[in-house]
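**Q**
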Amino acid sequence: MAELSLSIEGVTVKGGHVLFWHGPFSNWHIAPFVVNGQRYVCTEQWMMAEKARLFGDAERLAEILVTESPKAQKALGRKVTPFEPKRWSEAAEEIVVQGNLAKYRAHDDLRAMLLSTAPLPLAEASPFDRIWGIGLAPSHADAGTPERWRGKNLLGKVLERVRDQLIQEAA
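No gaps in the numbering here: position 68 of the sequence shown is 289 in my numbering, and each next residue is one more.
(1) Where does GLN266 land, buried or exposed, given buried means 16+ other C-beta within 10 angstroms?
(2) Am I right that ILE229 and MET334 are in contact with their C-beta atoms under 8 Å? What's the rounded C-beta distance?
(3) Hey, is the region 374 to 383 in contact with the region 310 to 322, meaning 3+ C-beta pairs nearer than 8 Å?
(4) Measuring alpha carbon to alpha carbon, tell me which of GLU368, ASN374, PRO291 and LEU336 ends up nearest ILE352.
(5) How about PHE276 and PRO306: are their beta carbons less than 7 Å apart?
(6) In the DSSP assignment, the beta strand (DSSP E) including THR264 goes from what residue to what residue?
(7) Can you tell me whether ALA296 is helix, strand or coil according to DSSP?
(8) State the Cα-Cα distance for the pair GLY231 and GLU368, rounded to the nearest angstrom.
(9) According to DSSP, is ALA279 part of a helix, a strand, or is it coil?
(10) What three-state label does DSSP hand ARG260 in the structure shown?
(11) Could you have a look at ALA392 and say whether DSSP puts it in helix, strand or coil?
(12) Considering Cα atoms alone, identify which of GLU390, LYS300, LEU297 and SER347 is closest to ARG326.
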């Protein structure tokens, strides 16, 4: 079976899976959106701001909201206190779904890119992330084989949910 070809920065298709790292599907991709009157530059900022809100860290929230760099936003998010890993684990996926829905609803071009991946499974091919990604680079021989992934691929699963919701909204 021939692999589908997608012309999207940071995206490859391998083993019937859409693998992305960096590029438009990344939480670090700058694509501003607004939720409840608050502007976010990317979904990383949204996620870290919601983390600070969840744990009541107003100081960290204020810092995250004025920080334009996704790397700095992530670093600030790691400083949120108090922090309860179990509570975050239970809330994080839905938080990231809501942020990505806002992102893709706000950008027709990004929405079209995401919809163009249907019906293939999505996977964040980050060799450094075993929670949100697959723990492997896109170039790794096992990147197209889910049974060999080293990570949970939560972001890929989130984007599949977002894609399905956007398809329903367009119907």
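Glycine included, each C-beta is placed from N, C-alpha and C at the ideal position.
Keep in mind it's a predicted model, so treat the numbers as computed, not measured.
**A** Looking at the coordinates:
(1) The residue labelled residue 266 in the question sits at position 45 within the sequence shown. Buried, since its Cβ has 16 or more Cβ neighbours within 10 Å.
(2) Counting from one through the sequence shown, the residue named residue 229 turns up at place 8. Counting from one through the sequence shown, the residue named residue 334 turns up at place 113. Indeed, because the Cβ distance is near 5 Å, the residues count as touching under 8 Å.
(3) The region 310 to 322 and the region 374 to 383 touch, with three or more beta-carbon pairs separated by less than 8 Å.
(4) Taking the first residue of the sequence shown as 1, we reach residue 352 at position 131. Ranking the options by Cα distance to ILE352, first place goes to ASN374.
(5) Working through the sequence shown from its first residue, we reach residue 276 at position 55. Working through the sequence shown from its first residue, we reach residue 306 at position 85. No; because the gap between Cβ atoms is not below 7 Å, this pair is not in contact.
(6) As a working mapping, residue 264 is identified with position 43 in the sequence shown. That residue, THR264, is in no beta strand (DSSP E); its alpha helix (DSSP H) goes 264 to 275.
(7) Sequence index remark: in the sequence shown, residue 296 carries index 75 (1-based). Reduced to three states, the DSSP call for ALA296 is helix.
(8) What you label residue 231 is simply residue 10 of the sequence shown in a count that begins at 1. What you label residue 368 is simply residue 147 of the sequence shown in a count that begins at 1. Roughly 23 Å separates the two Cα atoms.
(9) As a working note, residue 279 is residue 58 in the sequence shown. Here ALA279 sits in helix by DSSP.
(10) Translated into positions along the sequence shown, residue 260 becomes position 39. The answer is strand: DSSP assigns ARG260 an E or B state.
(11) Sequence index remark: in the sequence shown, residue 392 carries index 171 (1-based). Secondary structure of ALA392 (DSSP, three-state): coil.
(12) Walking along the sequence shown from the start, residue 326 turns up at place 105. Per the Cα distances, GLU390.
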